[in-house]
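I have placed the structure first, in the form of structure tokens, so that the comments after it can refer back to it.
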Amino acid sequence: MEKKATSKLGNLPPLPNIIQPYIAERYSYLDALKTIFSSSLYIKRFGILVSMWLFGYMTVYTLAAGLTSILASLGFAPPEAGMIAAIGVIGFILVPITTFFVGDRLERKTWTVISVIFTIIGGLLIAIAGTNVALSFLGSIILFYGFNLWVPTSYAWTAESFPTRARSTGFALCDGVGHIGGGIGIIAISSFIGSLIASGVTTTLAIEVFLLIALFQVISTIIAIAIGHRSANKRLDEVSP
Numbered sequence: 141m142e143k144k145a146t147s148k149l150g151n152l153p154p155l156p157n158i159i160q161p162y163i164a165e166r167y168s169y170l171d172a173l174k175t176i177f178s179s180s181l182y183i184k185r186f187g188i189l190v191s192m193w194l195f196g197y198m199t200v201y202t203l204a205a206g207l208t209s210i211l212a213s214l215g216f217a218p219p220e221a222g223m224i225a226a227i228g229v230i231g232f233i234l235v236p237i238t239t240f241f242v243g244d245r246l247e248r249k250t251w252t253v254i255s256v257i258f259t260i261i262g263g264l265l266i267a268i269a270g271t272n273v274a275l276s277f278l279g280s281i282i283l284f285y286g287f288n289l290w291v292p293t294s295y296a297w298t299a300e301s302f303p304t305r306a307r308s309t310g311f312a313l314c315d316g317v318g319h320i321g322g323g324i325g326i327i328a329i330s331s332f333i334g335s336l337i338a339s340g341v342t343t344t345l346a347i348e349v350f351l352l353i354a355l356f357q358v359i360s361t362i363i364a365i366a367i368g369h370r371s372a373n374k375r376l377d378e379v380s381p
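Read in order, the letters of the sequence shown correspond to residues 141 to 381 in my numbering.
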């Protein structure tokens, strides 16, 4: 290698006796905040991503933490409701398999659309299943697959949306503030569903309940698709200079 370089460049300069190591510039947390909130580009991205996570987590946490209770309220026996929710974990397992093989083939925000479609289909299958346990199991798997499919790619999207000097901070703020939506979902949506069910449970009401839960993921998807930026298959410094 040295001979090849010498033949093209001539004699190389001698190495210094002491080689100073390269020390990367360190940025404080305050520097990271300044990077995000002093730039109109990153302020806009922060607002978009926080809104996406906030509404998306309202659906995610309502289903992840409260599905068993919701099913029991809709007339399923508590053991049966717990089993239906437990079977849904298969949908969790299918999510990383999907994103591993095809996660980078589509734009990040496109996955939010695919995800919410599965969420709605899964919820509707459970709602119309009635005493058909097999259909309830299938609906639960599709439901869990749907409300989680958008999460891994959205994690990547959020991290890609901020420069290296503020990437961890930007991601933590977006995801952290977004989790407030999870708390709102569990408390507010579940309480509202309880008031709906108080008037009596019908198949139509069950459909309305699952559509209501999915509505917030729909809002999250609209935000991502309508005003979200592109980042897939681009260099990080190109996406977030």
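Glycine included, C-beta positions come from ideal geometry on N, C-alpha and C.
**Message:** Could you check whether Ser255 and Gln357 sit closer than 9 Å to each other, using their CB atoms as the reference points?
**Reply:** yes
**Item:** Inter-residue Cα distance where the pair is Ile230 and Tyr285
**Value:** 8 Å
**Item:** Through-space distance from Ala338 to Thr361, alpha-carbon basis
**Value:** In this structure, the straight-line span from the alpha carbon of Thr361 to that of Ala338 is close to 30 Å.
**Request:** Specify, as a first and last residue, the run of the alpha helix (DSSP H) that Glu220 falls within.
**Result:** Looking at the DSSP string, the run of the alpha helix (DSSP H) that includes Glu220 is 218–227.
**Prompt:** Roughly how many angstroms lie between the CA atoms of Gly382 and Val317, to the nearest whole one?
**Reply:** With the chain covering only 141 through 381, there is no way to say anything about residue 382.
**Item:** Same chain, Cβ closer than 6 Å to Gly196, neighbours up to 5 away in sequence not counted
**Value:** Gln357, Ser360
**Selected residue, minimal CA-CA separation from Gly222, among Thr250, Leu203, Glu165, Val235** = From the listed residues Thr250, Leu203, Glu165, Val235, the smallest Cα separation to Gly222 is found for Leu203.
**Message:** Measuring alpha carbon to alpha carbon, tell me which residue in Tyr295, Asn157, Arg307, Ala212 is nearest Arg248.
**Reply:** Among Tyr295, Asn157, Arg307, Ala212, the Cα nearest to that of Arg248 belongs to Tyr295.
**Item:** Under the three-state DSSP convention, the category Glu165 falls into
**Value:** coil
**Asked** Grouping DSSP H, G and I as helix and E and B as strand, with all else coil, what is Ser179?
**Response** Here Ser179 sits in coil by DSSP.
**Request:** Classify Thr271 as helix, strand or coil using the three-state DSSP reduction.
**Result:** coil
**Message:** Tell me the residue span of the alpha helix (DSSP H) that contains Ala387.
**Reply:** No statement about residue 387 is possible, as the shown extent of the chain runs from 141 to 381 and does not include it.
**Message:** Pop quiz: Tyr201 and Gly325 are said to be a contact at Cβ under 8 Å. What is the actual Cβ separation, rounded to whole angstroms?
**Reply:** Rounded, the Cβ-Cβ distance is 5 Å, consistent with contact.
**Item:** First through last residue of the alpha helix (DSSP H) which encompasses Ala306
**Value:** It is not in any alpha helix (DSSP H) - Ala306 carries neither H nor E in the DSSP assignment.
**Message:** Going by DSSP in three states, Val341 sits in which element: helix, strand or coil?
**Reply:** Coil.
**C-alpha distance - Leu382 paired with Val190, whole-angstrom precision** = Nothing in the structure corresponds to residue 382, since the chain is present only between 141 and 381.
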